[in-house]
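Here the structure comes first, spelled out in structure tokens, and everything after it is commentary.
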Amino acid sequence: DQQVKQNSPSLSVQEGRISILNCDYTNSMFDYFLWYKKYPAEGPTFLISISSIKDKNEDGRFTVFLNKSAKHLSLHIVPSQPGDSAVYFCAATGGNTPLVFGKGTRLSVIA
Amino acid sequence: DVKVTQSSRYLVKRTGEKVFLECVQDMDHENMFWYRQDPGLGLRLIYFSYDVKMKEKGDIPEGYSVSREKKERFSLILESASTNQTSMYLCASSVFGTGEETQYFGPGTRLLVL
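Going down the list, the protein sequences come from chains A and B.
Take 1 as the starting number for the first sequence in the working numbering and just add one per residue.
Take 1 as the starting number for the second sequence in the working numbering and just add one per residue.
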């Protein structure tokens, strides 16, 4: 039973355009959400997070939106750059429980 | 900067061997985690620990054990390696108790079991 779902295994975007990565969750207890970026043969690196008391958090080119009623969050990357090509993992937690990760979305930014 | 190090980047072992994967963090984090990553399956939690000498099973603990004798070190043990344990193993650490703790990952160990 997947509590965190990333329904798109892959996404291709032209350089300079917007990348939108989506994530859905089922557990109503989740109140903190994170996005990680992972290059091949490296560990995931933290990208951006959002608490359930907010609906948007922005950090440079990266913005995360949270829609609690729909149990949906998205990561927007604007403008997309070739160096953004990686696998992106959505993760969620509620209380002091371990993070639950989605299966990841592979983003390819085409020059 | 948080630093999480893993003892090996690449490891090749034979079926039946006992395998030790070591993880060390330098930020005095209480929480430590072991995951494996497989294509199409994302990150799956094997074991975690919220304190020294404490361990909790994650989603896929079968075939693995862990040891946390010191706060900064968390070891993953494959008692008798099998080919289905060929995977990328990732260690992570985080601060305890805020409910908003970010996990910081090591570089990973790619294990091949022949």
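For every residue, glycine included, the Cβ atom is placed at its ideal position computed from N, Cα and C.
Distance CB(residue i)-CB(residue j) smaller than 7 Å
i, j, result
"Gln37 of chain B", "Leu111 of chain B", "no"
"Ser20 of chain A", "Ser74 of chain A", "Here residue 20 of chain A turns out to be Ile, not Ser, going by the sequence shown. Yes. Within cutoff."
"Gln6 of chain A", "Lys103 of chain A", "yes"
"Gly58 of chain B", "Tyr47 of chain B", "yes"
"His29 of chain B", "Ser94 of chain B", "yes"
"Tyr39 of chain A", "Ala91 of chain A", "no"
"Thr105 of chain A", "Ser8 of chain A", "yes"
"Leu45 of chain B", "Tyr35 of chain B", "yes"
"Val52 of chain B", "Thr83 of chain B", "no"
"Ile77 of chain A", "Phe62 of chain A", "yes"
"Gln25 of chain B", "Leu99 of chain A", "no"
Min CB distance residue i to chain A below 7 Å
i, result
"Leu90 of chain B", "yes"
"Gly108 of chain B", "yes"
"Phe74 of chain B", "no"
"Phe48 of chain B", "yes"
Simplified DSSP assignment, three categories, for residue i
i, result
"Asp28 of chain B", "coil"
"Asp84 of chain A", "helix"
"Asn84 of chain B", "helix"
"Tyr39 of chain A", "coil"
"Tyr50 of chain B", "coil"
"Ala70 of chain A", "coil"
"Ala92 of chain B", "strand"
"Ser7 of chain B", "coil"
"Ala111 of chain A", "coil"
"Thr97 of chain A", "coil"
"Glu17 of chain B", "coil"
"Glu101 of chain B", "coil"
"Gly42 of chain B", "strand"
"Lys117 of chain B", "What the structure shows of chain B is the stretch from 1 to 114, and residue 117 of chain B is not part of that stretch, so it cannot be assessed."
Delimiting residues of the beta strand (DSSP E) encompassing residue i
i, result
"Lys13 of chain B", "Tyr10 to Lys13"
"Glu79 of chain B", "Neither: Glu79 of chain B is in no beta strand (DSSP E) and is coded neither H nor E."
"Met29 of chain A", "Here Met29 of chain A belongs to no beta strand (DSSP E), and DSSP marks it neither H nor E."
"Arg110 of chain B", "Thr109 to Val113"
"Phe46 of chain A", "Thr45 to Ser51"
"Ser14 of chain A", "At residue 14 of chain A the sequence reads Gln, which differs from the Ser that was named. Run containing Gln14 of chain A: Ser10 to Gln14, per the beta strand (DSSP E) assignment."
"Asn7 of chain A", "Taken as a continuous stretch (DSSP letters only), Asn7 of chain A belongs to no beta strand (DSSP E), as it is neither H nor E."
"Val78 of chain A", "Here Val78 of chain A belongs to no beta strand (DSSP E), and DSSP marks it neither H nor E."
"Lys56 of chain A", "Lys56 to Asp59"
"Glu69 of chain B", "Tyr64 to Lys70"
Interface partners of residue i on chain A, CB under 7 Å
i, result
"Leu43 of chain B", "Phe89 and Phe101"
"Phe33 of chain B", "Pro98"
C-beta neighbour in chain B for residue i, strict 7 Å
i, result
"Gly43 of chain A", "yes"
"Gly16 of chain A", "no"
"Gly104 of chain A", "yes"
"Pro98 of chain A", "yes"
Contact set between residue i and chain B, taken where Cβ atoms lie within less than 7 Å
i, result
"Leu34 of chain A", "Thr102"
"Gly60 of chain A", "Correct list: empty, because the minimum Cβ distance to chain B is about 17 Å."
Any non-hydrogen atom of the ligand PLP closer than 6 Å to residue i Cβ
i, result
"Cys91 of chain B", "Questions concerning the ligand PLP fall outside what the structure shown contains, since it holds no ligand whatsoever."
Beta-carbon neighbours of residue i, restricted to chain A and to distances below 9 Å
i, result
"Phe105 of chain B", "Tyr36, Lys38, Glu42, Gly43, Pro44, Thr45 and Phe46"
"Gly16 of chain B", "The contacting residues do not exist; Gly16 of chain B stays about 27 Å from chain A at best."
"Gly58 of chain B", "Pro98"
Amino acids of chain A, ordered along the chain, whose beta-carbon sits closer than 8 Å to that of residue i
i, result
"Gly40 of chain B", "Pro9 and Lys103"
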